[in-house]
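Notes follow the structure.
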């Protein structure tokens, strides 16, 4: 018989972790928990729901505390000290999660918990990531659907990952795909892209999207611009994170070339323009060429120096954290 001084055995790790960032969703969290409880109990697998309150001011925090008290075996709640944004809240939920399958979803009940078994079944077909597709999206046409459609087309074109709906929070991941992932800005929507670049098998599954019945949307047109800027950043990571001098160096060399072309134009006006055109009054100092030559040359040198600095930072990053510049899949060898 164990003595009182003996430590309690660790709780078994859940198989599923449902990650739910919420902000001012007092009208939705209670019903969302009820729906999730019904669906997850029916799966017959161990699970946990992780709610992260992103600095709510409408009573959401108190409701989440009550939910956790009523279902302590399955619900974990984290409270951020201030509003940090959806990506930060989702990152906190990811850090707290323990399941081998991770399923993030929105806290506004527009994602349907009934789709969770379908996402898991798709994973079981051999995929590492299953991304939801809100094909019949229940949102406003001009402010939500049209910008989303344009952003999705742009992201698919630039990233090379052919998904129809990068913005759908409801996805399913195997934990190994997200190991070491750190989320910033609006990058939670780009996780399937990172996973694909690292060799993960990514699939897309049409999911149900429901109209909002309580609370107010936190998204607007301005968020589309943030998505585009973040996309530029991850494209840089994908192509030049290990060789930034190739990007900055090319920009610098092209800039220096334009500087020499501007200088050649100056020589033309100095020695050839008059004899060829008969215009004796035109001098290169009357053109913007001297200023362009100086600006392009200085900009080119500065860009090359930025590339050298970026190389130093990149090497410090990899070496200080013992990271490799390759992604090892499998090694097969004999007994020696």
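In my numbering, the protein residues as written are 151 to 486. Glycine included, C-beta positions come from ideal geometry on N, C-alpha and C. None of these values were measured; they are calculated from a predicted model.
Can you give me the Cβ contacts of residue i inside the same chain, cut-off strictly under 6 Å, excluding the 5 residues immediately before and after it?
i           : result
residue 397 : 390
residue 185 : 263
residue 354 : 281, 283 and 313
residue 351 : 277 and 278
residue 154 : Only weak support exists for where residue 154 lies, its pLDDT of 45 falling under 50; the coordinates are left without a value.
residue 190 : 197
residue 323 : 252 and 279
Return the bridge partner residues of residue i from the DSSP annotation.
i           : result
residue 359 : 261
residue 228 : 202
residue 353 : 280
residue 172 : 203
residue 253 : 168
residue 324 : 251
residue 197 : 166
If you draw a straight line from the alpha carbon of residue i to that of residue j, how long is it in whole angstroms?
i           : j           : result
residue 197 : residue 255 : 15 Å
residue 165 : residue 219 : 22 Å
residue 309 : residue 261 : 25 Å
residue 408 : residue 457 : 19 Å
residue 306 : residue 325 : 24 Å
residue 413 : residue 440 : 7 Å
residue 237 : residue 229 : 15 Å
residue 345 : residue 273 : 14 Å
residue 462 : residue 176 : 48 Å
residue 321 : residue 415 : 57 Å
residue 217 : residue 394 : 48 Å
residue 162 : residue 178 : 30 Å
residue 418 : residue 401 : 26 Å
residue 467 : residue 387 : 13 Å
residue 226 : residue 342 : 26 Å
residue 301 : residue 340 : 12 Å
Here's a check: name, in chain order, each residue in its chain whose Cβ is nearer than 7 Å to the Cβ of residue i, leaving out the five neighbours to either side.
i           : result
residue 240 : 169, 171, 254, 333 and 338
residue 360 : 259, 260, 262 and 288
residue 233 : 173, 204 and 205
residue 362 : 258 and 260
Apply the 10 Å Cβ neighbour rule to residue i and answer buried if 16 or more other Cβ atoms are within range, or exposed otherwise.
i           : result
residue 279 : buried
residue 297 : buried
residue 313 : buried
residue 317 : buried
residue 188 : exposed
residue 199 : buried
residue 438 : exposed
residue 265 : buried
residue 252 : buried
residue 194 : exposed
residue 249 : buried
residue 376 : exposed
residue 364 : exposed
Can you tell me the Cβ-Cβ gap for residue i and residue j, rounded? I've got them flagged as a contact below 8 Å.
i           : j           : result
residue 315 : residue 282 : 7 Å
residue 131 : residue 403 : In this structure the chain extends from 151 to 486, so residue 131 is not present and cannot be described.
residue 205 : residue 173 : 7 Å
residue 392 : residue 464 : 7 Å
Short of 8 Å in beta carbon distance, which residues of its chain neighbour residue i, apart from the five on each side in sequence? Order them along the chain.
i           : result
residue 151 : Summary for residue 151: the model assigns pLDDT 42, below 50, so the residue's position carries little reliability; its value from the coordinates is reported in the next sentence. Hits under 8 Å: none found.
residue 385 : 308 and 309
residue 271 : none
residue 212 : none
residue 422 : none
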